[in-house]
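Structure first, commentary second.
Number of protein chains: 2
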Amino acid sequence: MAERLSKAVAAAERQPAPRRTRNKPEERHREFVRKAIELFAEVGFEAGTRELAQRLGVTQPLLYRYFPSKDDLITAVYREIYVNRWKTQWRDGLLDETQPIRDRIIAFYEDYTRTIFTPEWLRIYLFAGLRGVDINHRYAATVEAEVLRPITLATRKSFGLGDGPPAAEEIELFWTLQGGIFYYGVREIVYRFPMAVDRSTMIRNAVDAFLEGVGSVLRRLAESPETAD
Amino acid sequence: MAERLSKAVAAAERQPAPRRTRNKPEERHREFVRKAIELFAEVGFEAGTRELAQRLGVTQPLLYRYFPSKDDLITAVYREIYVNRWKTQWRDGLLDETQPIRDRIIAFYEDYTRTIFTPEWLRIYLFAGLRGVDINHRYAATVEAEVLRPITLATRKSFGLGDGPPAAEEIELFWTLQGGIFYYGVREIVYRFPMAVDRSTMIRNAVDAFLEGVGSVLRRLAESPETAD
DNA sequence: ATGTTAATTTATCAACTGATAATTAATATG
DNA sequence: CATATTAATTATCAGTTGATAAATTAACAT
Numbered sequence: 001m002a003e004r005l006s007k008a009v010a011a012a013e014r015q016p017a018p019r020r021t022r023n024k025p026e027e028r029h030r031e032f033v034r035k036a037i038e039l040f041a042e043v044g045f046e047a048g049t050r051e052l053a054q055r056l057g058v059t060q061p062l063l064y065r066y067f068p069s070k071d072d073l074i075t076a077v078y079r080e081i082y083v084n085r086w087k088t089q090w091r092d093g094l095l096d097e098t099q100p101i102r103d104r105i106i107a108f109y110e111d112y113t114r115t116i117f118t119p120e121w122l123r124i125y126l127f128a129g130l131r132g133v134d135i136n137h138r139y140a141a142t143v144e145a146e147v148l149r150p151i152t153l154a155t156r157k158s159f160g161l162g163d164g165p166p167a168a169e170e171i172e173l174f175w176t177l178q179g180g181i182f183y184y185g186v187r188e189i190v191y192r193f194p195m196a197v198d199r200s201t202m203i204r205n206a207v208d209a210f211l212e213g214v215g216s217v218l219r220r221l222a223e224s225p226e227t228a229d
Numbered sequence: 001m002a003e004r005l006s007k008a009v010a011a012a013e014r015q016p017a018p019r020r021t022r023n024k025p026e027e028r029h030r031e032f033v034r035k036a037i038e039l040f041a042e043v044g045f046e047a048g049t050r051e052l053a054q055r056l057g058v059t060q061p062l063l064y065r066y067f068p069s070k071d072d073l074i075t076a077v078y079r080e081i082y083v084n085r086w087k088t089q090w091r092d093g094l095l096d097e098t099q100p101i102r103d104r105i106i107a108f109y110e111d112y113t114r115t116i117f118t119p120e121w122l123r124i125y126l127f128a129g130l131r132g133v134d135i136n137h138r139y140a141a142t143v144e145a146e147v148l149r150p151i152t153l154a155t156r157k158s159f160g161l162g163d164g165p166p167a168a169e170e171i172e173l174f175w176t177l178q179g180g181i182f183y184y185g186v187r188e189i190v191y192r193f194p195m196a197v198d199r200s201t202m203i204r205n206a207v208d209a210f211l212e213g214v215g216s217v218l219r220r221l222a223e224s225p226e227t228a229d
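Protein chains in written order, with full-length UniProt numbering: chain A, 1 to 229; chain B, 1 to 229.
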C-alpha cells in the first residue's frame with residue numbers, strides 16, 4: 001500500500017531540483033506549522049517529516065533549520081490550535097446577565113462548536129490525548145475555569161440558588177453536557193457518521209433538556225452537605 | 001584483537017536460545033491477541049511486532065505463523081473487544097418494565113461503564129476511530145439499535161407518550177446523554193484526569209437531570225411535525 | 001561586481017519497520 | 001525407536017524513519 005506511493009514519490013523527487021525561491025524565516029515558520037497541522041490531522045503524529053516536506057515543496061532537512069526536532073514542531077502545532085484559537089469572549093458572553101441563561105448557553109455552544117468541530121481541532125486533540133501529552137490537561141483546566149464555572153454560577157443564579165464557589169459535583173454535571181455536545185462532534189468529524197440531526201438542533205434540544213432538569217439536581221446538592229471535597 | 005574477543009564473548013553469551021516449549025495453536029492464538037490488546041492499548045497500532053513478540057517471550061517471525069499480517073492481528077483485536085464483550089442482557093434490562101425507568105437506565109450505565117471504562121476498550125476505540133476503520137460505525141449502529149432505541153421507547157412510555165418508531169431527533173437527544181457519560185470515561189481513563197466525582201455519583205446525577213428535563217423536549221417533538229428526515 | 005551571510009539542497013547515517021525463506025528442534029505417531 | 005510433522009527459531013531483506021554534516025546557491029549589503 002505504502003510501497004506504491006513511495007515509488008511514485010521517489011519518481012517525482014527525481015526531478016532536476018525545483019530549487020524553491022527563498023522565503024522570510026517567519027513566513028516559513030508559520031507555513032510549516034500550518035501544513036503540519038493539516039498533515040497531522042490526517043495521519044496522526046507518526047506522519048513522516050518527508051511527507052510534510054514534500055507537501056511544502058521543500059526538502060526534508062530544511063525542516064530541521066526551523067524546528068530542532070519533530071517534537072518541537074508538534075509543540076508548535078499544539079500552541080497554534082489550542083492556545084491561539086481560544087476566545088476570551090466566550091467567558092464574557094456566558095456572564096452577560098442582560099441575556100437569558102438559555103440564550104447565553106446556546107450562543108456559546110454555537111460559537112464554540114464552530115471553532116472546535118473541525119478535523120484539525122478534534123483529531124489532533126484526540127491524537128494528543130492518546131499520546132499522553134499534557135495538552136489535554138491544560139485545556140480541560142481552561143474549559144473548567146473559563147466555561148464550566150461561569151455556566152454553573154449563571155445557571156445557579158437563574159434558579160435563585162446561592163452563589164458560593166461551585167462544588168465538584170455541580171461542575172461535573174455541566175461536564176456531562178459539555179461532553180455530550182463534544183462527542184457529537186467526534187461522531188460527526190472523526191468517525192464521520194452521517195448525522196441525522198443538524199448541529200444547531202442538537203445543541204438546542206440538549207441545552208433545553210438539560211436546563212429543564214438540572215434545577216432539581218442543583219437544589220438537592222445545595223441542600224445536602226458537601227460530600228465531595 | 002579486542003574486537004575478535006568481544007565478538008567471541010558476544011557469541012558465547014548470546015543466550016543459548018531459551019527455546020520456549022511448544023503450545024497448542026489455539027492457546028497461542030488467544031495469548032497473542034490478549035497481549036496485542038495490552039500493547040496496542042498502551043502504544044497504539046504503530047506498536048512494533050518485535051515489541052509484541054518480546055512481551056510474549058517469543059520471536060517476531062512467529063507472529064506471522066498465526067496472523068498473515070499485522071492488520072489481521074488488529075482485526076482479531078477488534079473482534080475480541082467490541083464483539084465478544086457486548087452483552088445482550090443490556091437491551092433486556094432496559095426493556096424490563098417491572099423496574100422504574102430511572103433504575104433501569106442507571107443500572108445499565110453502571111454495568112456498561114464497568115465494561116468499557118478500561119484503557120483497552122477506550123484507547124483502542126479512539127485509535128480505531130482516528131485510523132478510519134469501520135469498527136466505530138458498526139459499534140455505533142449496535143448502540144443505537146440495542147441501547148438508544150430501547151431507552152427512547154421506554155422513556156417515552158414512562159411519560160405516557162406514543163410508542164411509534166423513535167424520530168432521529170429523539171435518538172440524538174439520548175446520544176447526548178450517552179456521549180456525556182462516555183466522555184467522562186475518556187477524561188478519566190484516556191486523559192487520566194484526577195476525577196473529583198466518582199463514577200456512580202456522576203451517572204446518578206446525569207441521569208436524574210436528564211430524565212427530569214427530557215420530558216418537555218420529547219413532548220414538544222411529539223406535537224410538532226417531523227422536521228428532520 | 002564582489003563578498004558575506006544564511007536559506008536550501010545533496011548525501012548519508014543508524015535504527016527501526018513489516019515481512020519472508022531457510023533452518024532447527026520438540027512433539028506426536030507409526 | 002525411527003520418522004513425519006510442524007512449532008519455533010535464525011538470518012535477512014527492502015523500505016522507512018528522524019536526524020546530521022557538508023556542499024550549494026540565492027539574497028543582500030557594500
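C-beta atoms are modelled at their ideal positions from N, C-alpha and C, and glycine is treated no differently.
Can you grab the Cα-Cα spacing for the pair residue i / residue j, in whole Å?
i        : j        : result
B/Ile101 : B/Phe108 : 11 Å
B/Phe67  : B/Tyr112 : 31 Å
A/Tyr139 : B/Gln54  : 37 Å
B/Tyr78  : B/Gly129 : 12 Å
B/Glu46  : A/Asp134 : 21 Å
A/Glu27  : A/Glu80  : 14 Å
B/Thr118 : A/Val43  : 25 Å
A/Ile116 : A/Gly160 : 32 Å
A/Gly48  : A/Ser69  : 12 Å
B/Glu51  : A/Ile106 : 48 Å
B/Gly213 : B/Leu173 : 11 Å
A/Leu62  : A/Tyr125 : 27 Å
A/Ile203 : A/Asp71  : 37 Å
A/Phe38  : A/Thr152 : The sequence shown places Glu at residue 38 of chain A, not Phe. If you take the alpha carbons of A/Glu38 and A/Thr152, they lie about 35 Å apart.
A/Gly93  : A/Glu110 : 12 Å
A/Thr59  : A/Phe127 : 26 Å
A/Gly215 : A/Gln99  : 19 Å
B/Pro25  : B/Glu31  : 10 Å
A/Gln89  : A/Arg199 : 21 Å
Out of the options, which has the shortest C-alpha to C-alpha gap to residue i?
i        : options                               : result
A/Arg91  : A/Ala154, A/Thr176, A/Arg219          : A/Ala154
B/Thr201 : A/Asp208, A/Thr75, A/Tyr191, A/Leu221 : A/Leu221
B/Gly162 : B/Lys35, B/Tyr64, B/Glu223, B/Thr98   : B/Glu223
A/Asn136 : B/Ile189, B/Ala41, B/Glu212           : B/Ile189
B/Phe193 : A/Leu122, A/Glu51, A/Ala141, A/Arg85  : A/Ala141
A/Arg85  : A/Gly57, A/Glu120, A/Arg104           : A/Glu120
B/Ile74  : B/Arg199, B/Gly215, B/Val33           : B/Val33
A/Leu218 : B/Asp208, B/Ser216, B/Trp175          : B/Asp208
B/Tyr64  : B/Thr88, B/Glu97, B/His29             : B/His29
Return the chain-ordered list of same chain residues with a C-beta closer than 6 Å to the C-beta of residue i, the five sequence neighbours on each side being excluded.
i                      : result
A/Phe210               : Leu177
residue 264 of chain B : The requested residue 264 of chain B does not occur in the structure, where chain B is confined to residues 1 to 229.
B/Leu56                : Lys35
Just to confirm, are residue i and residue j a CB contact at a threshold of 8 Å?
i        : j        : result
A/Glu169 : B/Val197 : yes
B/Arg149 : B/Pro166 : yes
B/Gly180 : B/Ala206 : yes
A/Ala41  : A/Arg123 : yes
A/Tyr191 : B/Phe182 : no
What residues in its chain sit with their C-beta under 7 Å from that of residue i, if we drop five residues either side in the sequence?
i        : result
B/Glu144 : Ile171
A/Arg131 : Phe45
A/Tyr82  : Ile135, Tyr139
A/Lys157 : Asp163
B/Ala36  : Leu52, Leu73, Val77
A/Trp175 : Leu148
Could you name the residues of the same chain whose beta carbon sits closer than 8 Å to that of residue i, not counting the 5 residues immediately before and after it, in chain order?
i       : result
A/Asp96 : Arg104
B/Asn23 : Glu31
A/Lys87 : Asp111, Thr115
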